[in-house]
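Trainee: Would you mind keeping the following structure in view while I ask a few things?
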Amino acid sequence: MTLREQLLQEIQVSTDRQIEELWNILQTIQASTDRPPIENENQTILERMGGMPTYLLSSGNLSSREARKQAIADHLRKRHDRRK
Numbered sequence: 154m155t156l157r158e159q160l161l162q163e164i165q166v167s168t169d170r171q172i173e174e175l176w177n178i179l180q181t182i183q184a185s186t187d188r189p190p191i192e193n194e195n196q197t198i199l200e201r202m203g204g205m206p207t208y209l210l211s212s213g214n215l216s217s218r219e220a221r222k223q224a225i226a227d228h229l230r231k232r233h234d235r236r237k
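For the working numbering, count along the sequence shown from 1 and bump the result up by 153.
And the structure:
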């Protein structure tokens, strides 16, 4: 008997709750194996997302948290004003 046949046999005698859990596990496995491989594992998350947003590139020194918060707030304010 193959592993597939054994699994199908076990499913036949399983409860609905067990089948639901098995389904969730299979979905998780499929989702993790369907992901495209990362091109360069040495890239930072920011690089994987496309790099630094252009509105932050012209903001000057962003080493302090307050400067970053201010740059983002200014950008959002400008976007909001354009949509009015």
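Idealized CB from N, CA, C, for every residue including glycine.
With 16 other CB atoms within 10 Å as the buried threshold, where does Ala184 fall?
Mentor: Exposed.
Trainee: How about Ile164 and Ile172: do their beta carbons lie closer than 8 Å?
Mentor: In contact: Ile164 and Ile172 (Cβ atoms closer than 8 Å).
Trainee: Quick check on Asn177: does DSSP put it in helix, strand or coil?
Mentor: Looking at Asn177 - three-state DSSP - the assignment turns out to be helix.
Trainee: Mapping DSSP to helix, strand and coil, what is Gln171?
Mentor: Here Gln171 sits in helix by DSSP.
Trainee: Assuming Gln159 is part of the alpha helix (DSSP H), what are its boundary residues?
Mentor: Note, Gln159: alpha helix (DSSP H), Leu156 to Gln165.
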